[in-house]
Amino acid sequence: MKYTIEILRQKSPADKAYRQTFVIETELKNATVATALSMLNMQDPMLDIEGKESDRIVWECSCLQKKCGACAMVINGRPQLACDARLSEQKGDKIVVEPLKKFPVVADLTVDRSILFENLKTISAWLVSGTRASESKNDILYRSSLCLQCGCCLEVCPNFFSGGEFFGMASMIPVARLLEEMPDEEKKKLRKQYSKHIFGGCGKSLSCQNICPAGINIEELMVNSNAISLWKGIFKKIFK
Ligand code: SF4
Ligand code: SF4
Ligand code: FES
11 MKYTIEILRQ KSPADKAYRQ TFVIETELKN ATVATALSML NMQDPMLDIE GKESDRIVWE
71 CSCLQKKCGA CAMVINGRPQ LACDARLSEQ KGDKIVVEPL KKFPVVADLT VDRSILFENL
131 KTISAWLVSG TRASESKNDI LYRSSLCLQC GCCLEVCPNF FSGGEFFGMA SMIPVARLLE
191 EMPDEEKKKL RKQYSKHIFG GCGKSLSCQN ICPAGINIEE LMVNSNAISL WKGIFKKIFK
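Okay, so the sequence shown: first residue is 11 according to my numbering, each after it adds one.
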């Protein structure tokens, strides 16, 4: 099969973005966008559709098994993992590959997602001593641990922008398990941060729900976290 792939490229943050189109041929039925990018980068010389010699495409990957989130990018308008996006399943005459737009571009398809970790640091989303995991909460703890920090949910979220006060679901998912496990005093601090950086800014439209490549049921975890962080406290005050 022959595939035409258009890539939005940028040499460095200071350079202008431009589009470049390539053609690859592969008989691999399961070939993905990650396969295509690797094949292109292995060409010597690497030629675009016009036969012009090109620089190697800068992109990130690690596991190639939907486990690390490093290869998240926008493919035909949808944020997804390049190692999970089969070429044969993409619609249209050509496959358009772009970097995630909510983060600064480092080069080509590589973006700087360090804000995700800065946000987790701001809300102190880490385990502290005295944390206890209860067996009855295993399901929530497991589902929350599936988050890849890929940023796909943030790409489609109308309320998230890098450096803003609203941290989005990439912060909510890891916090969902901590809200279940933390000792009470720590939980109190985390609930405050949750209200400020997650609950307050979320429009609950759930555009993020179907985009998550890890298949996390965002709605269920959000309902649970909202209940722990806000509603239980409010009801306690009303009915005390
Ligand atoms: S529910 Fe809507 S506003 Fe909230 S994180 Fe998802 S996309 Fe963003
Ligand atoms: S919730 Fe899903 S889409 Fe969002 S960062 Fe985690 S794995 Fe990625
Ligand atoms: S390379 Fe790890 S998720 Fe794609």
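We put the beta carbon where it would ideally sit given N, CA and C, even for glycine.
### Message
Given the structure, does residue 75 come close to ligand 3, in the sense that its CB is under 7 angstroms from one of the ligand's heavy atoms?
### Response
Checking the Cβ of residue 75 against ligand 3 gives yes.
### Query
So does the stretch 181-199 actually touch the stretch 115-135, counting three or more Cβ pairs closer than 8 angstroms?
At 8 angstroms Cβ cutoff, the stretches touch.
### Message
At a threshold of 7 angstroms, does residue 228 count as lining ligand 5 (C-beta to nearest heavy atom)?
### Response
No copy of ligand 5 appears in this structure; the ligands present are ligand 1, ligand 2 and ligand 3.
### Message
If I measure Cβ to Cβ from residue 190 and keep anything under 6 angstroms in the same chain, skipping five residues before and after, which residues do I get?
### Response
Once the five neighbours on either side are set aside, the close Cβ partners of residue 190 are 147, 150.
### Task
Report the residue from 234, 82, 170 whose alpha carbon sits nearest the alpha carbon of residue 207.
Checking every option, the nearest Cα to that of residue 207 belongs to 170.
### Task
Quick one: using the 10 Å Cβ neighbour count with 16 as the cut-off for buried, is residue 114 buried or exposed?
Residue 114 sits exposed, since fewer than 16 C-beta atoms from the chains shown fall within 10 Å of its C-beta.
### Message
Give me the residue from 107, 24, 95, 172 with the minimum Cα distance to residue 32.
### Response
Ranked by Cα distance from residue 32, the options 107, 24, 95, 172 are led by 107.
### Query
Using a threshold of 7 angstroms, is the CB atom of residue 213 nearer than that to any non-hydrogen atom of ligand 1?
It does: the Cβ of residue 213 is within 7 angstroms (strictly closer) of some heavy atom of ligand 1.
### Message
Our contact map puts residue 205 next to residue 239 with C-beta atoms below 8 angstroms; I'd like the distance itself, whole angstroms only.
### Response
Residue 205 to residue 239, Cβ: 6 angstroms. Contact.
### Query
Given that a residue counts as buried once 16 or more other Cβ atoms are within 10 Å of its Cβ, and exposed if not, what is residue 52?
Around the beta carbon of residue 52, fewer than 16 other beta carbons lie within 10 angstroms, which makes this residue exposed.
### Task
Let me know the secondary structure DSSP gives residue 34 once reduced to three states.
Strand.
### Message
Which same chain residues end up closer than 7 angstroms to residue 218 when comparing Cβ atoms and leaving out the 5 residues on each side of it in sequence?
### Response
So the list reads 163, 166, 167, 179, 228, once near-sequence residues are dropped.
### Query
Which ranges does the beta strand (DSSP E) cover as unbroken runs of at least 3 residues, wholly within the stretch 87-139, from first to last along the chain?
Taking only runs of at least 3 residues, the beta strand (DSSP E) segments lying wholly in the stretch 87-139 are 88-91, 104-108, 115-117.
### Task
Compute the Euclidean distance between the alpha carbons of residue 17 and residue 211, then round it to the nearest angstrom.
Rounded to whole angstroms, residue 17 to residue 211 spans 33 angstroms at the Cα level.
### Which of helix, strand or coil DSSP assigns to residue 142
Here residue 142 carries a coil assignment [DSSP, helix/strand/coil].
### Message
Would residue 68 and residue 117 qualify as a contact pair, given that the criterion is a beta-carbon distance under 8 angstroms?
### Response
Yes. Within cutoff.
### Message
Please report the distance separating the alpha-carbon of residue 109 from that of residue 84.
### Response
The straight-line gap separating the alpha-carbon atoms of residue 109 and residue 84 is approximately 6 angstroms.
#### Entry: Enclosing alpha helix (DSSP H) for residue 198 [first to last residue]
Taken as a continuous stretch (DSSP letters only), the alpha helix (DSSP H) holding residue 198 covers 194-204.
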